[in-house]
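Q: Here it is: the structure, laid out below.
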Amino acid sequence: MLCDNCKERDAVVHLTRIVDNAVSQLHLCEKCAAAKGVETTLSVPQHPLGDILQAVQQQATTTSEDAAACAFCGATARDFRATGRLGCPHCYDAMERSLRELLRRLHGSSRHVGQRYETPDTHVVEKPDTLHDLRDRLRRAVESEQFEVAAELRDRIKALETEPV
Amino acid sequence: MTAPRPGLDLSLLPDGGVRWLDASGPNSDVVISTRIRLARNVSGYAFTGRAREGERLRMLAQVRDALSGVPSLSGSLLLRLDDLPVVDRQLLHERHLVSKELAGLDPQHPVRGGAAVFLGESVGLLVNEEDHLRLQALRSGFAVQQAFDGVSQLDRELGAQVPYAFHREFGFLTACPTNAGTGLRASVLIHLPGLVLTKEIGKVLAGLQQMGLTYRGLYGEGSEVVGNFFQLSNQTTLGRSEEELQDLLVRVVRHVIEREEEARRVLVRDAGYIIEDKLWRAYGTLRYARSLSFDEAMNYLSGVRLAVGLKLIAGLSVYTLNKLLIFAQSAHLAHLEGKGLTDSETNLARARYVRQVLMSEGGGVE
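As they're listed, the protein sequences go chains A and B.
One point on numbering: in my numbering, the residue at position 97 of the first sequence is 94, and numbering is uninterrupted.
Throughout, my numbering is defined as the position within the second sequence, counted from one, plus 4.
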């Protein structure tokens, strides 16, 4: 059976409408049904994070972690709620408590039980903060009005610049 | 860094990047492909979304320099997405080699500076996606273990060269907490026309959500279900080991395949000639139509695929059907025609291409 609306695709949603005691049948394809706002079991699920973030937001409007910025990237819990994305790996430490709760709600657990990882040969790979990195972080901190973080970064840049090579 | 190239030379891609289409894997009439991806981030940088362009470029350079110690990607091709025109980026996306986000196809989120992909023989590495690194392996058919082995090898080699962000409690750290822990998403692209036609699909999808799996359309997150192709994958990434997550997917997908086969038996038993007529009409449309929209082509291809599975149409290979699935998309058609196409030109080119393939590669009339 073709869709009553587009007459192109197969009808998969079959609606019975009763208006003023008159019964009418409507057969729609998935697409037209969605366009008309008919909910079907086939529609692609929404990303689950949205709902949960909203719940977390309603639950904890102002906690101590809320205003505190991540010392590395300057992101705050507010930024996270707005974008659904964390700023950097250090954010997991900066927002540890609320993230543990969120991870439990998302995954049913906050404890990683999979493969462990050892950072390779740290003295070779983990490079010291370069002026480049610090200047990037400073710009980001200023842009997101994290002035305490910015001041600390400015001092570190100064120290590096004056360091004898 | 590579010099900007005038257009994508597909012959440079190992196997054209489509070996997973060859229908050589297990259950490949129902399961088109299996993909495993691991999300990783490099410590010392902000996540991609917050990083400045300079940081993204330095991170890319660090990864590129480390590749001499990564045999899984030896001889791989580096493509800088930020150097490529949109039609080439779309083509890579249509081939399932890069995500929509990395390709910058959403007008709201144009391609990022530093967005790149390393395409190896059997694995790929996406750089500056939502996470710094997305390691992925695609295999033909239902082949979870093989895909995992490939990506896991790459992970070990790369992780020994580049320091990953890893947390004792939370595991591998990702920009979005939905991927943290293992960072593993195992998915299969599966064709379920029997379950859709018998209207069992709603129950099956609800059941797999209860088991901790989720479903999406042909192109992953946010994409629509078209042509009865579904992507089934694990919903959670933390609190279960990589092996447990794979086992879960394997168990549930095996069950879904059984349900699909059962639904097909029911269709043939209870609606034999109606189904046969419907599927031959789908074949006839593809064989003779002069203009085909993408959705139309996908839906008729779904019918023909079912007909081949039910052995109603002989002489047409699953490989040919897989090829049509990918090559009848708009960027591929533009590439084939050697020029940009309007929507109506695309529909004409699609019908022409499908007719030619079906004429030369079979689909016998009884």
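Think of the CB as a built atom: it goes at the ideal place given N, C-alpha and C, for glycine as much as any other residue.
Fair warning: this is a prediction, and the values are worked out from it, not measured in the lab.
Is histidine 195 of chain B buried or exposed, if buried means 16 or more other CB atoms sit within 10 Å of its CB?
A: Walking along the second sequence from the start, residue 195 of chain B turns up at place 191. The residue is buried, with at least 16 neighbouring Cβ atoms inside 10 Å.
Q: In or out: glycine 160 of chain B buried (at least 16 other Cβ within 10 Å) or exposed?
A: Counting from 1 along the second sequence, the entry for residue 160 of chain B is found at position 156. First, the residue type needs correcting, since residue 160 of chain B is arginine and not glycine in the sequence shown. Arginine 160 of chain B is exposed by the Cβ-count criterion.
Q: Pick out the complete alpha helix (DSSP H) segments inside the stretch 93 to 151 of chain A, 4 residues or longer, and give them in chain order.
A: DSSP runs (the alpha helix (DSSP H)) wholly in the stretch 93 to 151 of chain A: 93 to 104, 119 to 122 and 128 to 140.
Q: Examine chain A for any beta-carbon lying closer than 8 Å to the beta-carbon of leucine 47 of chain B, and answer yes or no.
A: The count along the second sequence starts at 1 and reaches residue 47 of chain B at position 43. According to the sequence shown, residue 47 of chain B is serine rather than leucine. So, interface residue.
Q: Evaluate alanine 355 of chain B with the Cβ neighbour count: other Cβ atoms within 10 Å of its Cβ, from every protein chain shown; 16 or more gives buried, anything less gives exposed.
A: On the second sequence, residue 355 of chain B is found 351 positions in, with the first residue counted as 1. Buried, by the Cβ-count rule.
Q: Which value, in whole angstroms, describes the spacing of the CA atoms of arginine 291 of chain B and serine 364 of chain B?
A: Numbered from its first residue, the second sequence carries residue 291 of chain B at position 287. Numbered from its first residue, the second sequence carries residue 364 of chain B at position 360. Near 11 Å, if we compare the C-alpha coordinates of serine 364 of chain B and arginine 291 of chain B.
Q: Closer than 8 Å, CB to CB, is methionine 5 of chain B near chain A or not?
A: The residue labelled residue 5 of chain B in the question sits at position 1 within the second sequence. Low per-residue confidence applies at methionine 5 of chain B: pLDDT is 37, beneath 50, and the placement is therefore not dependable, though the value from the model is reported in the following sentence. Taking Cβ atoms only, chain A never reaches closer than 8 Å to methionine 5 of chain B, which makes this a no.
Q: Quick one: which residues of the stretch 240 to 258 of chain B get their C-beta closer than 9 Å to a C-beta of chain C? List them in chain order.
A: In the structure shown, chain C cannot be found, because the protein chains are A and B.
Q: Under a Cβ-count criterion, where at least 16 other Cβ atoms within 10 Å of its own Cβ denotes burial, should tyrosine 168 of chain B be classed as buried or exposed?
A: For the purposes of this step, residue 168 of chain B is taken as the residue at position 164 of the second sequence. Counting Cβ neighbours within 10 Å, tyrosine 168 of chain B comes out buried, since at least 16 surround it.
Q: If you run the structure through DSSP and keep just helix, strand and coil, what is asparagine 348 of chain B?
A: Within the second sequence, numbered from 1, the residue matching residue 348 of chain B stands at position 344. It should be noted that the sequence gives serine, not asparagine, for residue 348 of chain B. Helix at serine 348 of chain B.
Q: Starting from leucine 162 of chain B, follow the beta strand (DSSP E) in both directions and report where the run begins and ends.
A: Within the second sequence, numbered from 1, the residue matching residue 162 of chain B stands at position 158. That residue, leucine 162 of chain B, is in no beta strand (DSSP E); its alpha helix (DSSP H) goes 148 to 163.
Q: Identify the residues that DSSP records as bridge partners of glycine 128 of chain B: which are they?
A: Position 124 of the second sequence, counting from 1, holds the residue named residue 128 of chain B. The partner list for glycine 128 of chain B (beta bridge, DSSP) reads B:Leu123 and B:Gln140.
Q: Can you check which of these residues, B:Arg269, B:Val272 and B:His336, is closest to valine 358 of chain B by C-alpha distance?
A: As a working note, residue 358 of chain B is residue 354 in the second sequence. Comparing Cα positions, the closest option is B:His336.
Q: Listed from N- to C-terminal order along the chain, which residues in the stretch 91 to 120 of chain A have their beta-carbon within a distance smaller than 7 Å of any beta-carbon of chain B?
A: From the stretch 91 to 120 of chain A, only Leu96, Leu99, Leu100, Leu103, His104, Gly105, Ser106, Ser107, Arg108, His109, Val110, Gly111, Gln112, Tyr114, Thr116 and Pro117 have a Cβ closer than 7 Å to chain B.
Q: If we cut at 8 Å on Cβ distances, does histidine 129 of chain A have a partner in chain B?
A: Here the question's residue 129 of chain A lines up with position 132 in the first sequence. It does; some Cβ of chain B falls within 8 Å.
Q: Would you decide whether threonine 178 of chain B is buried or exposed? Buried here means 16 or more other CB atoms lie within 10 Å of its CB.
A: For the purposes of this step, residue 178 of chain B is taken as residue 174 along the second sequence, with counting starting at 1. So threonine 178 of chain B ends up on the buried side.
Q: If the criterion is Cβ atoms closer than 8 Å, does the pair glycine 118 of chain B and glutamate 57 of chain B meet it?
A: What you label residue 118 of chain B is simply residue 114 of the second sequence in a count that begins at 1. What you label residue 57 of chain B is simply residue 53 of the second sequence in a count that begins at 1. A contact, by the Cβ cut-off of 8 Å.
Q: Should the stretch 236 to 253 of chain B be regarded as contacting the stretch 95 to 115 of chain A, the criterion being three or more beta carbon pairs within less than 8 Å?
A: Yes: the two stretches touch, three or more of their Cβ pairs being nearer than 8 Å.
Q: Please list the partners that threonine 80 of chain A has in chain B, where partner means a Cβ-to-Cβ separation under 8 Å.
A: Counted from its first residue, the first sequence places residue 80 of chain A at position 83. Neighbours of threonine 80 of chain A on chain B, chain order: Gly53.
Q: Going by DSSP, which residues form a beta bridge with alanine 43 of chain B?
A: Residue mapping note: residue 43 of chain B aligns to position 39 of the second sequence, counting from 1. According to DSSP, alanine 43 of chain B bridges with B:Arg138.
Q: Going by Cα to Cα distance, which pick from A:Ala8, A:Asp130 and A:Glu158 is closest to glycine 48 of chain B?
A: Looking up residue 48 of chain B in the second sequence gives position 44. Selected option, being the one with the closest Cα: A:Asp130.
Q: Starting from arginine 93 of chain B, follow the alpha helix (DSSP H) in both directions and report where the run begins and ends.
A: Counted from its first residue, the second sequence places residue 93 of chain B at position 89. Per DSSP, arginine 93 of chain B belongs to the alpha helix (DSSP H) from 90 to 98.
Q: For glycine 124 of chain B, count the other beta carbons within 10 Å of its own beta carbon; 16 or more makes it buried, fewer makes it exposed. Which is it?
A: The sequence position of residue 124 of chain B within the second sequence is 120, counting from 1. Classification of glycine 124 of chain B: buried, given that the 10 Å Cβ count is 16 or more.
Q: Where lysine 282 of chain B and valine 91 of chain B are concerned, what is the direct C-alpha to C-alpha distance, given to the nearest angstrom?
A: Residue 282 of chain B sits at position 278 when you count from the first residue of the second sequence. Residue 91 of chain B sits at position 87 when you count from the first residue of the second sequence. Going by the C-alpha atoms only, they are around 35 Å apart.
Q: Output, in sequence order along the chain, the residues in the stretch 179 to 197 of chain B whose CB is closer than 8 Å to any CB in chain A.
A: From the stretch 179 to 197 of chain B, only Ala179, Cys180, Pro181, Thr182, Ala184, Gly185, Thr186 and Leu188 have a Cβ closer than 8 Å to chain A.
Q: Got a sec, what are the start and stop residues for the alpha helix (DSSP H) threonine 80 of chain A sits in?
A: In the first sequence, residue 80 of chain A corresponds to position 83, counting from 1. Start and end: 74 to 80.
Q: Taking the alpha-carbon positions, what's the arginine 309 of chain B to glycine 231 of chain B distance?
A: As a working note, residue 309 of chain B is residue 305 in the second sequence. As a working note, residue 231 of chain B is residue 227 in the second sequence. Straight-line Cα distance between these residues: approximately 10 Å.
Q: Please confirm whether histidine 171 of chain B has its beta-carbon closer than 8 Å to some beta-carbon of chain A.
A: As a first step, residue 171 of chain B is located in the second sequence; it is residue number 167 there, counting from the start. Cβ-Cβ to chain A under 8 Å: yes for histidine 171 of chain B.
Q: Measure from the C-beta of arginine 39 of chain B to each C-beta in chain A and report whether the shortest distance is under 8 Å.
A: Indexing the second sequence from 1 puts residue 39 of chain B at position 35. No, because no Cβ of chain A sits closer than 8 Å to the Cβ of arginine 39 of chain B.
Q: Can you find the residues in the same chain that come closer than 8 Å, C-beta to C-beta, to asparagine 45 of chain B, ignoring five residues on each side of it along the sequence?
A: Counted from its first residue, the second sequence places residue 45 of chain B at position 41. If we look at asparagine 45 of chain B and ignore the five residues flanking it on each side, its Cβ neighbours are Phe51, Asp135, His136, Leu137, Tyr168, Ala169, Phe176, Leu177, Thr178 and Ala179.
Q: Is it the case that the stretch 312 to 332 of chain B contacts the stretch 71 to 86 of chain B, given that we only count it when at least three CB pairs across the two stretches are under 8 Å?
A: The stretch 71 to 86 of chain B vs the stretch 312 to 332 of chain B: no contact.
Q: Name the chain A residues that come within less than 7 Å of leucine 177 of chain B, Cβ to Cβ?
A: If you number the second sequence from 1, residue 177 of chain B lands on position 173. Within 7 Å Cβ-Cβ: Pro86 and Tyr89.
Q: Residues of chain A with CB closer than 8 Å to the CB of alanine 164 of chain B, please, in chain order.
A: Position 160 of the second sequence, counted from the start, is the residue given in the question as residue 164 of chain B. The answer, in chain order, is Pro117.
Q: Are the CB atoms of valine 166 of chain B and glutamine 66 of chain B nearer to each other than 8 Å?
A: To locate residue 166 of chain B, count along the second sequence from 1; it is residue 162. To locate residue 66 of chain B, count along the second sequence from 1; it is residue 62. In this structure, glutamine 66 of chain B lies closer than 8 Å to valine 166 of chain B by Cβ.
Q: Only counting the same chain, and skipping five residues up and downstream in sequence, which positions put a Cβ closer than 8 Å to that of histidine 371 of chain B?
A: Since the first and last residues shown for chain B are 5 and 370, residue 371 of chain B lies out of range.
Q: Specify the secondary structure class of arginine 309 of chain B as computed by DSSP and reduced to three states.
A: Along the second sequence, read from residue 1 onward, the residue named residue 309 of chain B stands at position 305. Three-state result, arginine 309 of chain B: helix.
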